[in-house]
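Heads up: the structure comes next, in structure tokens.
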Amino acid sequence: MRSFLAAVALQASGAFAFTALRGNLQTSQLTLTTADVGRKADAGAESSSLPGSVFAWAACGVLGAAAAHRFNRRERSRASASPVACRANPVATCETSMGTFKVELYMDEMPLTASNWIDLAKTGFYDGIHFHRVIPGFMCQFGCPNAKDPRSPRAGTGGPEDGSFEVLDGSGRQARRSNGGNIEDEFTAKLGNEPGTLSMANTGRPNSGGSQFFINVNNNSFLNWFDRSSPSAHPVFGKVVEGYDLIEKISQVQTTNDCPDEPVQMIKITVEGA
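According to mature numbering (1 follows the signal peptide of the UniProt record, and there is no 0), the stretch in the sequence shown is residues -17 to -1, 1 to 257, in order.
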């Protein structure tokens, strides 16, 4: 009981620290939530200058350990999660200026979000765009159309046009992008922000994700999306299945204000199985 109460107290301390770390992200920029860059300082082993960061990160560990067990257990049972799971999930080959990696899109558990990404990829939306934000030990962010110019001051602020796309789960239903190309948050599958996973970026408001996403290069459990009451809404919808070493290299390039000094461009994405 004593250890349980200590964990609860630690969790409260961590939550307070996270609130205090809500930082200087531009509110107009489509990115992680306003707390996340502050939180990533806790996640980085190099940073220890922020008061309360140790408590915040420890609280993440207390909560993350139990969550990780649930995620790992769910991963083992993914094959029986839905009728769609009897078919192989789509796989996309992503050719960049630094090399090629492949991702699996979780159509079986995240059909809306995966279908949105696939529709954008198959129509060439992502081709020619640059990674506009990379943070070592945290994540690589991509998907803003303004980042076709890697030096654009508007990189990170854009999204797709409004319109409709097919949800590729066999249901035949249509979904829409609206209010600036955004889709509805999909939160039924509680998948963790583990290394190599693809996760939706947004403005921190509900239903504000469109084309931008990030690839985790750490176990960023504090970004996990549990339900609508969670402080951070970054649903995971896929994972790198080949070439993760390339993602790590991209995350470690030299940057200025988190933007790569040497631009990293997505040349072409080819989707198979959808």
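The C-beta atom is built at its ideal place from N, Cα and C for all residues, glycine as well. It should be emphasised that the depicted structure is a prediction, and the values quoted were computed from it without experimental measurement.
Take L95, set aside five residues on each side of it, and the residues of its chain with a beta-carbon closer than 8 Å to its own are V150, A158, I166, E167, E169, in chain order. With a cutoff of 8 Å on beta-carbon distance, Q248 and S80 are scored as near each other. Per DSSP, N190 lies in no beta strand (DSSP E) segment and is marked neither H nor E. Annotation: the continuous alpha helix (DSSP H) that includes T96 extends over 94 to 105.
Our two residues, Y109 and E78, have alpha carbons roughly 11 Å apart in a direct line. Rounded to whole angstroms, the separation of the alpha carbons of V254 and F84 is 12 Å. Cβ neighbours of F125 within its own chain (closer than 6 Å, five residues either side excluded): F114.
Closest in C-alpha terms to G111, from the list N162, P128, A257, P218, comes P128.
Taking a contact as a CB-CB distance under 8 Å, the pair A97 and L103 does not count as one, their CB atoms being some 11 Å apart. If you check the CB distance, R160 and P143 come in under 8 Å.
Counting other Cβ atoms within 10 Å of its Cβ, Q195 reaches 16 or more and is therefore classed as buried. Taking a contact as a CB-CB distance under 8 Å, the pair T180 and V219 counts as one, their CB atoms being some 5 Å apart. Membership of E87 in the beta strand (DSSP E) is indicated by the continuous run 82 to 88. In this structure, DSSP gives P243 an extended state, which the three-state scheme calls strand. Beta-bridge partners assigned by DSSP to E231: none are found.
In this structure D91 is buried. Its beta-carbon is surrounded by 16 or more other beta-carbon atoms within 10 angstroms.
The continuous stretches of beta strand (DSSP E) do not include T171, and DSSP gives it neither H nor E. Taking a 10 Å sphere around the C-beta of T140, we find 16 or more other C-beta atoms and assign the residue as buried.
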